[in-house]
Every structure is written in C-alpha cells, then in structure tokens.
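Notes for the one structure printed next.
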Amino acid sequence: MSSTTKTAPSRPRWVADIARWDFETDVAIVGFGGAGACAAIEAADAGAEVTLFEVASASGGSTELSSAEVYLGGSGGTRVQRACGYEDSTEDMFNYLMAAGGDLVHEAKVRLYCEESTGHFDWLVSMGAPYKNTEYKERAIMALTDDCLLYTGSEKCWPFREVAKPCPRGHNLEVEGDNGGPLLMKTLTAQVEKRSIRVEYNARALTLIINPEGEVLGTVVRIDGEEKNVRARHGVILCAGGFVMNTEMLKQYCPRLVEGPMPIGNPGDTGTGLLMGQAVGGALINMDQHFITLPYYPPSSLTYGIFVNAQSQRFINEDCYHSRIASSALDQLGGKTYLIVSAEDYAHPPFMNAPIVGTGETIEELAEEVGLHPGMLRHTVEFYSENAARGEDPLFHKSPEWLKAMPPPYAALDCTLGEGAIYAAFTLGGLDTQTTGEVLTTEKQVIPGLYAAGRTTCGIPRTAAGYASGLSVGDATFFGRVAGRTCGQRSPQQSTQSSTG
Ligand SMILES: Cc1cc2nc3c(=O)[nH]c(=O)nc-3n(C[C@H](O)[C@H](O)[C@H](O)COP(=O)(O)OP(=O)(O)OC[C@H]3O[C@@H](n4cnc5c(N)ncnc54)[C@H](O)[C@@H]3O)c2cc1C
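Heads up: the sequence shown begins at 101 in this note's numbering, then just goes up one per residue.
Okay, structure coming up:
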C-alpha cells in the first residue's frame, strides 16, 4: 500500500511505510470517555507509559452526556445495596443478565462482570465517585435526586422474576438532577490528571499501524492538521464509542435506527474505532443490536395503562423496562402503538412527548377517535380490566403492584414511532473481544497489540429487550479497566519494522 493513499480507518498503515515515529508510548488509547479514562488509569497503575488521544477538546464523550447510572451488585451487595437492606447474590445477578441477554449473551463476560461487580463499585468509590446509602423507590428512568439505588431493568417483571430474585442494581451518583455523567467524567479526568498520563486533545486517530504478521504496533493520529505516527510498545486500546452518528454505517448494519429514532451520543460516535479494528481483522458482531427507549414513565401511574398495537391487542407487560417496551413496540405488525389509560391514572409524561390522539367516555368512543377496531379494543380492555381487578394478568403476567381495573373515561397516547413520541437510541454492536479486552478475529484469534472497550465493542449490553440502565457505563468502565490492565502489563513489542509492505 502506498503512503500517498488517503488515510482512512478502514485502511491500516504498514509499518514499512513509516519513515519515523512522531510519538512513542507503551499504551495508546483512542477516546477519552468512560472506557478510555478507566483504561488509562489502570494501564498507568500497571506501570505503563500511557497516552490518550481524544478528538474533542475535552474529555467526556457520551459518558459525560449520560446519567452515569451503573449497574452493579452481586457478592452479597455493594455498600449501598447492603445499607438499603438488599443482600444481592452473584448468582441472581448472573441469572438475570443471562436471561436478559438471551441468545446473544456472552456468558464469560457476564460471569466476570457479576463476580467483580462489587469490587468495581469499590474502585469507583476509591476514584472519588460519591454514592449515597439511600434508595430511590419510585418507578423512574433515573433518580433526579441525589439518592443512589434504584431498579433500572426488568428484574421485578415477568419472565425475569422467575429466573432470579429481584434486586435493584442501578447506582446513581450523589448529585441532584440528571448530572451523573458530568460528575463521573470530572472524577475520572481528575484521576487521569493525577497520574503522568499524556493527553492529546483535538487529536483524531485515523487508522492503525500493523506489521505483516498482523500485530498492531501503533496508530496514526491527526493533530494540528498533521498526521503523526504513534508507536505503542504494548498496544492500542480502542475506546472511541459507538456508531449511532454514522448514517452510512447505520444503513449498512442497523437500518432500524436510520429514520425515526433520535440518535443519542456525542458527535464522535461515528464508528471510527470499529472500522479501525475491523480493518486489521477484528470481527464486528451484533451490529444490528441497539438500545432504544420509549421513556413513558415517569409518571409511574401510566404503568396502570396498557399498550396496544394496530390490532387493538396488548403485546407486553407494561411494568417492564422502557427499552424492552420500545423494542417490542417496534416489532408490532401494523407499526402502531398506543398507550390506553384510565383518566384517573393519566398524568403528563415529561420525557415521552406522545400526543393524546383520543379520549372517550366509552371504549367505542375512544376507538373511533384513535382509529382502532371498537369490538377488539373493548375485548382487550375488558379482558385486561376484569383480570387486573383480581390482581391477575393471565397473558403477560404484569406484576400485581401495577394491576387494577381500568374504569372510564379513557385517553389514548400515540406512541407510534414518527408520530411525535420520542424514541432515542444508541448502538450496541461492535468489536468482538475476550474477557481480557483483546480484540478477536472472526476465527476467534487474538489480534496481538489490539484491545477495545465500551461501545466500540459488543460488551455486556447486547439487546434493547434485555437492556437495563447502567449496563453501558458499567460495562465501559469495567472492561475499560480490564483492557487497560491487560495492555499495560503486556510485554513490549519487539518488532517495529516490516520487511515488506
Ligand atoms: C443522554 C444519554 C444518557 C445515558 N445514560 C446512561 C446511563 O445512565 N447509564 C448507562 O449505562 N448508559 C447510559 N448511556 C449510554 C452511555 O453513556 C454510553 O454508551 C457510554 O458512556 C459509552 O462509553 P464509551 O467510553 O464507550 O464512549 P464515550 O464516552 O462516548 O467515549 C468515546 C470518546 O472517543 C472519542 N473519539 C471518537 N472517535 C475518536 C477518534 N477517531 N479519535 C480520538 N477520539 C475519538 C469521542 O470524542 C469520545 O470522547 C447514556 C447515553 C446518553 C447519550
């Protein structure tokens, strides 16, 4: 390959084409968000010389934009779980995450994450992340108070409550409002600054540098308009986020997100890390998988309502996690989703933005306004309501705490994608990695010198239906640390020159 070819993530640079190294470091990390920060801290603590390259002018990434809830538990409970009276078991956490991950789950990653989860909580605390010993008991997407512990998944819901004892595992930082992300990144950035870690901002990693054996020796980074060849003696760790901002990649891999859902993330979520890894043989897996939310609660009282599709039929237990509901709603034939609720339970949902498209003193009146089949809607509402009055949901086993009769009058909220309701999404597919953070080929071979973590990889969260808030920042920070440790401890590469291109 000629050195005059335009530098692109999908075209690695041969070491033979490198005239000189502009930088040398043990560990080069691409991306200074949650995963990159944790990788840098651990690699430095393992004794390695570390350099972080961040395309933005500050640290943060999507981690800073997030609520930074982290999903942690097991081993008898984190300090907060125990203080709030929960004795969480590793097996319950493991069984829940295995069921949530379904066919796509990575058992070894889930096992490691569950076994070392309380240790990760203690590490975050030791870094300065504050968590209060209190529980937020409302059904909510995130705690807007400084309370810590809350249910952030579908643990109490069918079918999950049948495979694992429910326990809240979402940990919210001790900060008022939705300000967890800025606090977490401020905390981790301060730890990076305390160590002798070199940080290059406004530095875009363009591609990887390899030798003919396929070993990653460094990365090409653009700084001040100039390409710099960075030699990474131990290896490169890709922590560059996901690809929800790259429309071409979405069209190719995750078409459901191309139109309609609102992409959430930072402008750097363009998939560069995935492409760089793929170009040197890394396997991209579960690329069609994503998180998606229909944030219909709070208010929690809307959970007494029922979701129906174009056929006026229920399709899910409404008490489960908002991403599971959103994912199921998008699978419905006819493409329509309505939330039917008794007026006595209606309160404005601040995050969902769904318009009221019908009201009625009777079900028929409501059906006519919405455009649903009146007989079928009557059957659905009456069947549900009669059973709910007895504390039963024979179809979807909604938890008794959310079951009650639905008296008239009624309102219908249009939760159809594209009709006003907010559906927000980010990608979950990425590079295949081992539990060590090493990147794997399709043949499950380790690519020497290449590591990855966070949304650049396919980590613990693998499906919208099985997602729980806190799994992404939990996974990014946990496996960022793992990758940092593994790469930091790797023996320096010997070979820096190749004989052929
Ligand atoms: C509004 C919102 C709320 C959320 N709330 C939660 C929550 O409460 N809990 C949870 O678990 N998850 C949450 N998420 C998801 C979660 O924040 C992210 O999935 C996770 O933080 C990703 O971490 P990361 O380290 O992989 O990537 P990031 O934190 O995005 O870091 C990647 C970094 O790489 C940089 N970068 C990209 N390309 C390059 C390049 N070529 N060269 C150099 N640098 C590059 C980017 O600029 C960025 O700084 C939320 C997301 C959003 C948007």
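Every residue, glycine too, gets a C-beta built ideally from N, C-alpha and C.
query: With a threshold of 8 Å between beta carbons, is H422 in contact with chain D?; result: In the displayed structure, chain D is absent; only one protein chain is listed.
query: Are three or more beta carbon pairs between the stretch 513 to 529 and the stretch 481 to 499 nearer than 8 Å?; result: no
query: Tell me, please, which residues DSSP counts as bridged to G530.; result: I385
query: From which residue to which residue does the beta strand (DSSP E) around Y551 run?; result: 546 to 552
query: For S599, count the other beta carbons within 10 Å of its own beta carbon; 16 or more makes it buried, fewer makes it exposed. Which is it?; result: In this prediction, S599 has a pLDDT of 31, which is less than 50 and means its spatial position is unreliable; what the coordinates show is noted afterwards. S599 is exposed by the Cβ-count criterion.
query: What do you get for V573, buried or exposed, if any count of 16 or more other CB atoms within 10 angstroms of its CB means buried?; result: buried
query: Restricting to Cα atoms, I'd like to know which of V582, T319, A379, D419 is closest to S400.; result: D419
query: Given the structure, does G341 come close to ligand 1, in the sense that its CB is under 7 Å from one of the ligand's heavy atoms?; result: yes
query: In three-state terms, what does DSSP make of S157?; result: coil
query: Rounded to whole angstroms, how far is the Cβ of A156 from the Cβ of G341, which I believe are closer than 8 Å?; result: Going by Cβ atoms, the distance from A156 to G341 rounds to 11 Å, so no, they are not a contact pair.
query: Please name the residue, chosen from Y251, N302, T151, L244, that lies closest to G325 on a Cα-to-Cα basis.; result: N302
query: Counting along the chain, where does the alpha helix (DSSP H) carrying R562 start and finish?; result: Where R562 is concerned, there is no enclosing alpha helix (DSSP H), given that its DSSP letter is neither H nor E.
query: With distances taken from CA atoms, which of F123, I463, Q589 is nearest V299?; result: F123
query: By DSSP, does N195 sit in helix, in strand, or in coil?; result: helix
query: Could you tell me if N453 is buried or exposed, where buried requires 16 or more neighbouring beta carbons within 10 angstroms of its beta carbon?; result: exposed
query: Is the separation between the beta-carbon of L433 and that of A410 shorter than 8 Å?; result: yes
query: In chain order, what are the residue ranges of uninterrupted alpha helix (DSSP H) at least 4 long that sit wholly in the stretch 317 to 377?; result: 347 to 353
query: From M349, H422, L212, D126, pick the residue whose C-alpha is nearest to that of G566; which is it?; result: H422
query: Note the first and the last residue of the continuous alpha helix (DSSP H) segment covering R182.; result: 179 to 183
query: On the three-pair Cβ rule with 8 Å, is the stretch 370 to 389 touching the stretch 434 to 446?; result: no
query: Between A383, M198, L571, S427, which has its C-alpha nearest E543's C-alpha?; result: A383
query: If I follow the unbroken beta strand (DSSP E) through N409, where does it start and stop?; result: 406 to 409
query: Give the C-beta separation of D117 and V150 to the nearest angstrom, bearing in mind that I take them to be a contact with Cβ-Cβ under 8 Å.; result: That pair is no contact at about 26 Å.
query: Using C-beta distances below 7 Å, list every residue in its chain close to G601, excluding the 5 sequence neighbours before and after it, in chain order.; result: Because G601 carries a pLDDT of 27, less than 50, the predicted location of this residue cannot be relied on, and the following value inherits that uncertainty. Counting only Cβ-Cβ distances below 7 Å, and skipping sequence neighbours, we find M101, W114, A116, D117.
query: Using alpha carbons as the reference points, say which of T234, H206, G136, G520 lies closest to V292.; result: G136
query: In three-state terms, what does DSSP make of K106?; result: coil
query: Do A305 and G588 come within 8 Å of each other at the CB atom, strictly closer than that value?; result: no
query: Heavy atom of ligand 1 less than 7 Å from the Cβ of G381, yes or no?; result: no
query: Within its chain, find whatever has a CB closer than 6 Å to the CB of D188; leave out the 5 residues flanking it on each side and keep chain order.; result: G173, G174, G177, Q181, C267
query: Since L152 and G281 should fall inside the 8 Å C-beta cutoff, what is the C-beta to C-beta distance between them, to a whole number of angstroms?; result: Not really, about 18 Å apart at Cβ, beyond 8 Å.
query: Quick check: does the Cβ of L212 come within less than 7 Å of any heavy atom belonging to ligand 1?; result: no
query: Which of the three DSSP states, helix, strand or coil, is assigned to E187?; result: coil
query: Does the stretch 332 to 351 come within contact of the stretch 504 to 515, defined as at least 3 CB pairs closer than 8 Å?; result: no
query: By the three-class DSSP mapping on this structure, what secondary structure does S162 have?; result: helix
query: According to DSSP, is P494 part of a helix, a strand, or is it coil?; result: coil
query: Determine the direct distance from the alpha carbon of W121 to that of S569, and round the result to whole angstroms.; result: 42 Å
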